[in-house]
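Step one of this worksheet: look at the structure below.
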Amino acid sequence: MIEFFVIAIFALVLLSTKSFDLTAVVLSAIYGIAIWRLRGFEWILVLFVFLVTSLYATYCGRGKDGKKHEHRGADNVLSNGVVPFMSAVFGLPYFYLGSISAALADTLASEIGKMSKEAPVLITNPHKKVEPGLNGGVSKIGTLASIGGSVIIALLSLVFYNSFVSSPVSLHVLFFAVAAGGVFGSAIDSVLGLLFENRGLMTNGSVNFVATLSGGIIAMVIVTFL
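Sequential numbering from 186 applies to the sequence shown in the numbering used here.
So, in structure tokens, the structure goes:
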């Protein structure tokens, strides 16, 4: 029953800081309790690190221009969380780690990238500068933040190696797989944002979903074939 108590406290913190709206908090709590009970504390701790790190990055990024971040809603929780949740339900640890790595990498790239003093450039054309905030725009600091987010989840996968790995997988392969899932998942998010979201052909939620899905697929493929 400890999982209900811990997640309830964290949910109250999210509500008190106005980081999530009520629907998003309830949905996040359901995800958290289910993952904890199905897969254990280590799995939910990885998700917790993602959430805390992304919220702090959002605070830092929005604090730069004095703007308040709007509450995260159910659409944000669904688009970023449904792939990790289903990965946990079906017991796919590499998919789980890769999808969370992609979600964190993308969030850090976006929020920390706002702090860049240099104009971002198109991910498809590094010589073309664009307005800050444009989907598909990337910056040096945002790219480094994306890599950093991927490395955080990759390091956690090594710390909790025994909780995620059931068959022999070398440490360097696991680290590379999770980190690559994050970096390339974030890049895919930027490309889709440029080509489709800017034209109204995809929503931000659908782009995030594909990015986390891609991160999971990349991580699982690397572990499987290396």
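Note that the Cβ used here is the ideal one computed from N, Cα and C, for glycine as well. Model, not experiment: these values are computed from the prediction.
Starting from asparagine 310 and walking both ways along the beta strand (DSSP E), at which residues does that stretch end?
Sequence index remark: in the sequence shown, residue 310 carries index 125 (1-based). Run containing asparagine 310: 310 to 314, per the beta strand (DSSP E) assignment.
If you pair each beta-carbon of the region 284 to 293 with each one of the region 229 to 240, do three or more pairs fall below 8 Å?
Yes, the region 284 to 293 is in contact with the region 229 to 240.
So, do the region 317 to 333 and the region 358 to 372 have three or more beta carbon pairs nearer to each other than 8 Å?
Output reads yes: the region 358 to 372 touches the region 317 to 333.
Determine contact between the region 296 to 316 and the region 270 to 279, defined as no fewer than three beta-carbon pairs at a distance below 8 Å.
No, they do not touch.
Looking at C-alpha atoms only, which residue of Val268, Cys245, Leu356 is the closest neighbour of tyrosine 216?
For the purposes of this step, residue 216 is identified with residue 31 of the sequence shown, where counting begins at 1. Looking at the Cα atoms, Val268 is the closest of the given residues.
Just how far apart, CA to CA, sit valine 406 and glutamate 296?
Within the sequence shown, numbered from 1, the residue matching residue 406 stands at position 221. Within the sequence shown, numbered from 1, the residue matching residue 296 stands at position 111. Roughly 29 Å between the two C-alpha positions.
Could you give the residue range of the alpha helix (DSSP H) that holds glycine 400?
As a first step, residue 400 is located in the sequence shown; it is residue number 215 there, counting from the start. Its alpha helix (DSSP H) spans residues 389 to 410.
For the region 212 to 231 against the region 186 to 204, are there 3 or more C-beta pairs whose distance is under 8 Å?
Short answer: they touch.
Would threonine 397 and isoleucine 308 qualify as a contact pair, given that the criterion is a beta-carbon distance under 9 Å?
Mapped onto the sequence shown, residue 397 falls at position 212. Mapped onto the sequence shown, residue 308 falls at position 123. Not a contact, by the Cβ cut-off of 9 Å.
Looking at isoleucine 373: is its Cβ nearer than 9 Å to the Cβ of valine 231?
The residue you call residue 373 lines up with position 188 of the sequence shown. The residue you call residue 231 lines up with position 46 of the sequence shown. Not closer than 9 Å, so no.
Have a look at Leu282, Ile403, Val262, Phe270 and flag the residue whose alpha-carbon is nearest the alpha-carbon of leucine 340.
Taking the first residue of the sequence shown as 1, we reach residue 340 at position 155. The residue with the shortest Cα to Cα distance from leucine 340 is Leu282.
From Leu197, Gly225, Leu212, pick the residue whose C-alpha is nearest to that of asparagine 347; which is it?
Within the sequence shown, residue 347 is the residue found at index 162, counting from 1. When only C-alpha atoms are compared, the closest one is Gly225.
Whole-angstrom Cβ separation of alanine 304 and asparagine 261, contact assumed at under 8 Å?
Within the sequence shown, residue 304 is the residue found at index 119, counting from 1. Within the sequence shown, residue 261 is the residue found at index 76, counting from 1. About 27 Å; that fails the 8 Å criterion.
Tell me the rounded alpha-carbon separation between phenylalanine 360 and glycine 400.
Here residue 360 corresponds to residue number 175 of the sequence shown, with the count starting at 1. Here residue 400 corresponds to residue number 215 of the sequence shown, with the count starting at 1. Roughly 13 Å separates the two Cα atoms.
Since valine 336 and valine 323 are thought to touch, with beta carbons under 8 Å apart, how far apart are those beta carbons, to the nearest angstrom?
For the purposes of this step, residue 336 is taken as residue 151 along the sequence shown, with counting starting at 1. For the purposes of this step, residue 323 is taken as residue 138 along the sequence shown, with counting starting at 1. Actually they do not touch by this definition, with Cβ atoms about 18 Å apart.
Which one of Ile326, Leu379, Leu380, Val354 has the shortest CA to CA distance from leucine 411?
Stepping through the sequence shown from its first residue, residue 411 is reached at position 226. Ranking the options by Cα distance to leucine 411, first place goes to Val354.
Using CA coordinates, which residue listed in Ala196, Ala259, Ile403, Leu319 is at the minimum distance from arginine 384?
Along the sequence shown, read from residue 1 onward, the residue named residue 384 stands at position 199. Taking only the C-alpha atoms, the option nearest arginine 384 is Leu319.
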